[in-house]
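Down below is the structure, laid out as structure tokens.
Number of protein chains: 2
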Amino acid sequence: MLSNELPIGFIDSGVGGLTVVKEAMRQLPNEHILYLGDTARCPYGPRPAQQVVEFTWQMTQFLIDQGIKMLVIACNTATAVALDEIKAKVDIPVIGVIQPGSRSALKASHTGEIAVIGTEGTVKSATYEKELLEKSPDVHVRSLACPKFVPVVESNQFTSPVAKKIVAETLAPLMYNKPDTLILGCTHYPLLRPIIQNVMGSDVTLIDSGAETVNDLSTLLDYFNLNNYDRKVSKTCKFYTTGSPKMFRDIAGDWLDLKTLEVEHIHLGGK
Amino acid sequence: MLSNELPIGFIDSGVGGLTVVKEAMRQLPNEHILYLGDTARCPYGPRPAQQVVEFTWQMTQFLIDQGIKMLVIACNTATAVALDEIKAKVDIPVIGVIQPGSRSALKASHTGEIAVIGTEGTVKSATYEKELLEKSPDVHVRSLACPKFVPVVESNQFTSPVAKKIVAETLAPLMYNKPDTLILGCTHYPLLRPIIQNVMGSDVTLIDSGAETVNDLSTLLDYFNLNNYDRKVSKTCKFYTTGSPKMFRDIAGDWLDLKTLEVEHIHLGGK
């Protein structure tokens, strides 16, 4: 098989990376997709950086063993701590979600007041601040960890009244001196987007770091001549989860608007 | 000097690539720029492909000798015939303007009726059609060579009544069964943009392939860790032309809104 015909790999701590896959399916309809969500060990946010690096390596190795032409680390927590190392060591192109999201926020912001919401791990890494301030030293960046958001999404309660309450309470610190641009610095958060937009108000631009990543993915597929032009084989999406295939299928089927979905349970990390 | 601090190189047959530089200055304010316009041998459009390849190599070599960290072939005619060869043979990242413009047109078009205007060389190469149809076999692409546009721009007459007449007459064949998206497939054409938009009507989306290229440039600067973060040295833009520095300075100063402009005459191609 030509490498162009191999799937693109996406990894995430759970279902969050599906927000990136959704955009990839829209913008890159010819590409095959392999997805791995480490649901059993989700959330990654509260874990020590070294453990996140280890888990991310395990996911990367699993998808590379299946055969992929490019890897998207569709998880902000993993991108923050593992992207540079993985990119340096594997021989396919690897991208994360933080640089595209930062670039897009800088384009969108008029006031220079940018806020980032993410997991504890992402916020602690300060990767967004670093990216934003290196490119544009004059912006003012605030970061807020939202540790309750990922569990709400992973338990498929992201449209519930509980979700609304949690989002409103968590984002309250941002309501004074509101940013004009808010980076959804976790790929799970776009599933909460309507609620987040409602809480923040329509005057705040939300940046979906995952969706922005697909623009970079397109650019790099072109740059490395890796586009799939073969239309003889019908397009495939395959999903792996370390957790419950049923729960994964419920969320993914709804979110991606797919009636049938090939989801396989796998085990990562030895015994 | 760290490679991050080197300038980005831009090459074009003349002043057209300045439309790309203008967008680069806006989106990438920290980057140093070296520009080479081969004004003395412009237009490239009517020249045989092999000669365009040869001239493009000469420009590439000149800028590489000055020291650049990345090269933008900011000329559609040169991109169409020389990008693959140059990209394969030089050891810095090289991008052209056709893939970004094609991608953007596919995103913008709702009806799938896409038209491309460019030089004879670009149209003859059918590179846009190939890019567009490989990615989206269902679109309908028409191409129209506009050989009179580049000379109008290079002679600094791009707002004149003559320009209006030439644009209206040249684009007449596109007025039946109008496309919804028109690719400005030559980096000179954005200087004629108001006239082109007026002729085509406000319902036609114009794609500035050069401006789109700067999005790719940002992505690749991130991907290859080539951003310039050094703010100690004030930003520099230097321009080389094989033609008249005065004419170049007049056009470039207006277009880039720069009061002073370092323009140096050089000779390319041996004796």
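Heads up: the sequence lines are chains E and U, in that order.
Each residue of the first sequence is one higher than the one before, counting from 1 in my numbering.
Each residue of the second sequence is one higher than the one before, counting from 1001 in my numbering.
Note that CB positions come from ideal geometry on N, CA and C, so glycine has one too.
As the structure is a computational prediction, the values presented were derived from the model and not from experiment.
Taking Cβ to Cβ, would you say residue i is nearer than 8 Å to residue j?
i, j, result
"U:L1268", "U:T1242", "yes"
"E:F62", "E:Y44", "no"
"E:A163", "E:V152", "yes"
"E:I95", "E:T213", "yes"
"U:D1012", "U:A1074", "yes"
"E:V97", "E:I183", "no"
"U:E1131", "U:S1104", "no"
"U:L1018", "U:L1256", "yes"
"U:C1186", "U:N1076", "yes"
"U:I1086", "U:T1119", "no"
"U:V1015", "U:H1188", "yes"
"E:T236", "E:H32", "yes"
"E:I68", "E:L34", "yes"
"U:G1009", "U:L1106", "no"
"U:N1156", "U:I1251", "yes"
"U:G1193", "U:L1174", "In the sequence as displayed, the identity of residue 1193 of chain U is Arg instead of Gly. No."
"U:T1039", "U:F1239", "no"
"U:D1208", "U:P1190", "yes"
"U:Y1128", "U:V1139", "no"
"U:L1007", "U:I1114", "In the sequence as displayed, the identity of residue 1007 of chain U is Pro instead of Leu. No; because the gap between Cβ atoms is not below 8 Å, this pair is not in contact."
"U:N1227", "U:L1220", "no"
"E:V52", "E:G210", "no"
"E:T181", "E:K148", "no"
Determine, using beta carbons only, whether residue i comes closer than 8 Å to chain E.
i, result
"U:D1230", "no"
"U:Y1223", "yes"
"U:S1244", "no"
"U:Q1099", "yes"
"U:L1220", "yes"
"U:D1216", "yes"
For residue i, count neighbouring C-beta atoms within 10 Å of its own C-beta (all shown protein chains included) and say buried if the count is 16 or more, exposed if not.
i, result
"U:E1154", "buried"
"E:A172", "exposed"
"E:K232", "exposed"
"E:Y223", "buried"
"E:Y229", "exposed"
"E:K89", "exposed"
"E:Q99", "buried"
"E:P48", "exposed"
"E:G201", "exposed"
"U:E1023", "buried"
"U:T1111", "exposed"
"E:N215", "buried"
"E:S244", "exposed"
"U:S1234", "exposed"
For chain U, is any of its Cβ atoms less than 8 Å away from the one on residue i?
i, result
"E:S125", "no"
"E:E134", "yes"
"E:I207", "no"
"E:R103", "yes"
"E:I95", "yes"
"E:D138", "no"
For residue i, is the beta carbon positioned less than 7 Å from some heavy atom of the ligand MN?
i, result
"E:K232", "Of ligands this structure carries none, so the ligand MN is not represented either."
### Query
For the stretch 1046-1108 of chain U, which segments carrying the alpha helix (DSSP H) assignment without a break, of at least 4 residues, lie completely within its bounds, in sequence order?
Taking only runs of at least 4 residues, the alpha helix (DSSP H) segments lying wholly in the stretch 1046-1108 of chain U are 1049-1066, 1076-1089 and 1098-1108.
### Message
Does the stretch 24-34 of chain E come into contact with the stretch 132-141 of chain E, if we say contact requires no fewer than three beta-carbon pairs (one atom in each stretch) closer than 8 Å?
### Response
no
### Message
Suppose only complete runs of 4+ residues qualify. What are the alpha helix (DSSP H) ranges in the stretch 204-237 of chain E, listed by chain order?
### Response
209-223
### Task
Evaluate the contact criterion for the stretch 76-86 of chain E versus the stretch 116-130 of chain E: three or more CB pairs, one atom per stretch, below 8 Å.
yes
### Message
At 4 residues or longer, what runs of the alpha helix (DSSP H) sit wholly inside the stretch 1103-1176 of chain U?
### Response
Contiguous alpha helix (DSSP H) elements confined to the stretch 1103-1176 of chain U occur at 1120-1125, 1127-1135, 1149-1154 and 1161-1171, taking only those with 4 or more residues.
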